[in-house]
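Here my numbering is used: the first residue of the sequence shown is 205, the next is one more, and so on.
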Amino acid sequence: MEPPRDEKKRFFGQRWEANQRPASGIWAERRRLAAAMRLVVERLTSSDAPADELRAAAERLEQYAEHLATHPRRRRYEGFAESALAEGGGHFDYSPLIGRSNPLAPPIDVREEEGRVHGEVVFGSAYEGPPGCVHGGYVAAAFDEVLGYAQSLTGAPGMTGRLEVVYRSPTPLHTRLRFEAWVESVAGRKITARGTLHAGERLCAEAMGLFVSIKPGTFERLVQERRGRGDDPTS
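Okay, here's the thing in structure tokens:
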């Protein structure tokens with residue numbers, strides 16, 4: 205069953221909560237562990253540590269990974285109503301772009317001002333493509349996330365149908381980068397959003413995203429298909 209429009213808007217609005225809400229208890233510790241793992245990845249990509257030290261560290265990490273596997277797997281994807289009433293968007297805290305509980309995320313900080321989305325991020329060495337520069341694939345993924353925030357402001361958000369990125373200049377690592385995104389047009393179920401990426405005053409890239417508002421049952425169908433593949437933690 206398709207969730208009501210207001211319910212769907214609230215569900216996607218939980219992205220903002222996940223990004224802005226201060227964590228406490230178990231969520232604070234998840235974020236702390238993810239930040240520590242992020243730091244390990246950053247240091248590993250630039251360290252010349254000796255083999256015996258790397259071996260010992262790998263063994264400790266492997267042991268902890270085995271220990272984590274002994275705990276029950278938590279719900280990550282829930283229905284619209286359940287997620288709204290329960291953890292209030294906690295699953296977005298595992299996003300690979302904004303999720304502070306996901307060690308893969310840079311993460312991107314986002315906020316909304318006067319109908320526009322502003323994002324800030326610093327990409328470390330783990331995201332390097334050309335020497336000293338962010339890999340273009342990560343730039344595209346970040347645009348997908350930031351434009352997705354912008355289109356969610358329409359109240360009828362959807363999924364990415366097309367993403368076009370124009371790279372204007374190299375995007376530097378270890379530099380505070382600024383994204384800006386806005387909705388350009390809405391035509392039926394099609395939402396067009398545009399955005400820019402700057403390093404200081406220098407334009408690094410521009411993007412256009414076409415998003416298609418979700419049809420009835422699409423989200424629930426994706427959850428069920430995931431369970432059918434046997435890789436859903438709730439099954």
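Quick reminder that beta carbons are idealized off the backbone N, C-alpha and C, glycines included.
- prompt: At which residues does the beta strand (DSSP E) containing valine 326 begin and terminate?
  reply: Taking the first residue of the sequence shown as 1, we reach residue 326 at position 122. Taken as a continuous stretch (DSSP letters only), valine 326 belongs to no beta strand (DSSP E), as it is neither H nor E.
- prompt: For arginine 475, which three-state DSSP category applies?
  reply: For residue 475 there is no data in the structure shown, the boundaries of the chain being 205 and 439.
field: Straight-line gap, valine 321 to isoleucine 312 (C-alpha atoms, nearest Å)
entry: As a working mapping, residue 321 is identified with position 117 in the sequence shown. As a working mapping, residue 312 is identified with position 108 in the sequence shown. Roughly 12 Å between the two C-alpha positions.
task: Return the first residue and the last residue of the alpha helix (DSSP H) that arginine 236 is part of.
output: In the sequence shown, counting from the first residue as 1, residue 236 sits at position 32. Counting along the chain, the alpha helix (DSSP H) containing arginine 236 begins and ends at 229 to 248.
- request: State buried or exposed for valine 232, treating a residue as buried only when at least 16 other CB atoms are found within 10 Å of its CB.
  value: By one-based count along the sequence shown, residue 232 stands at place 28. For the record, residue 232 in the displayed sequence is alanine; it is not valine. Only exposed fits alanine 232, as fewer than 16 other CB atoms lie within 10 angstroms of its CB.
task: Mind checking who aspartate 313 pairs with in its DSSP beta bridge?
output: As a first step, residue 313 is located in the sequence shown; it is residue number 109 there, counting from the start. Answer by DSSP bridge pairing, in chain order: Glu324.
- prompt: Quick one: what's glutamate 332 bridged to in DSSP?
  reply: Indexing the sequence shown from 1 puts residue 332 at position 128. Per the DSSP secondary-structure output, glutamate 332 pairs in a beta bridge with Val338.
field: Cβ-Cβ distance between leucine 401 and valine 326 below 8 Å
entry: Against the sequence shown, residue 401 aligns to sequence position 197. Against the sequence shown, residue 326 aligns to sequence position 122. It is not a contact, given that the beta carbons lie outside the stated cut-off.
message: On the DSSP letters alone, give me the boundaries of the alpha helix (DSSP H) that glutamate 429 sits inside.
response: Taking the sequence shown and counting its residues from 1, the one referred to as residue 429 is at position 225. For glutamate 429, the uninterrupted alpha helix (DSSP H) segment begins and ends at 422 to 432.
- prompt: Taking all protein chains shown into account, do 16 or more other C-beta atoms lie within 10 angstroms of the C-beta of tyrosine 298, making it buried, or fewer, making it exposed?
  reply: Residue mapping note: residue 298 aligns to position 94 of the sequence shown, counting from 1. Buried is the label assigned to tyrosine 298, since at least 16 other Cβ atoms lie within 10 Å of its Cβ.
message: What residue range does the beta strand (DSSP E) around alanine 409 cover?
response: For the purposes of this step, residue 409 is identified with residue 205 of the sequence shown, where counting begins at 1. Going by DSSP, alanine 409 is part of the beta strand (DSSP E) stretching over 406 to 417.
- prompt: Start and end of the alpha helix (DSSP H) containing glutamate 263?
  reply: By one-based count along the sequence shown, residue 263 stands at place 59. Residues 255 to 272.
message: Pop quiz: alanine 345 and threonine 379 are said to be a contact at Cβ under 8 Å. What is the actual Cβ separation, rounded to whole angstroms?
response: Here residue 345 refers to the residue found at position 141 when the sequence shown is read from its first residue. Here residue 379 refers to the residue found at position 175 when the sequence shown is read from its first residue. About 18 Å; that fails the 8 Å criterion.
Cβ pair count under 8 Å reaching 3, the stretch 402 to 419 against the stretch 365 to 378: Under the three-pair Cβ rule at 8 Å, the stretch 402 to 419 counts as touching the stretch 365 to 378.
query: What is the DSSP secondary structure of glycine 362, reduced to helix, strand or coil?
result: For the purposes of this step, residue 362 is taken as residue 158 along the sequence shown, with counting starting at 1. Glycine 362 falls in the strand class under three-state DSSP.
- request: Compute the Euclidean distance between the alpha carbons of glycine 392 and cysteine 337, then round it to the nearest angstrom.
  value: Here residue 392 is taken as the residue at index 188 of the sequence shown, counted from 1. Here residue 337 is taken as the residue at index 133 of the sequence shown, counted from 1. Our two residues, glycine 392 and cysteine 337, have alpha carbons roughly 39 Å apart in a direct line.
message: Using a 10 Å radius around the Cβ and a threshold of 16 neighbouring Cβ atoms, would you call glycine 432 buried or exposed?
response: For the purposes of this step, residue 432 is taken as the residue at position 228 of the sequence shown. Within a 10 Å sphere around the beta-carbon of glycine 432 sit fewer than 16 other beta-carbons, which makes this residue exposed.
field: Chain-order list of residues whose beta-carbon lies under 6 Å from that of proline 334 (same chain, five-residue window excluded)
entry: Here the question's residue 334 lines up with position 130 in the sequence shown. Within the same chain, and ignoring the five residues on either side of proline 334 in sequence, no residue has its Cβ closer than 6 Å to its Cβ.
message: My output table needs one value for glycine 392: the three-state DSSP class, helix, strand or coil.
response: Residue 392 sits at position 188 when you count from the first residue of the sequence shown. Reduced to three states, the DSSP call for glycine 392 is coil.
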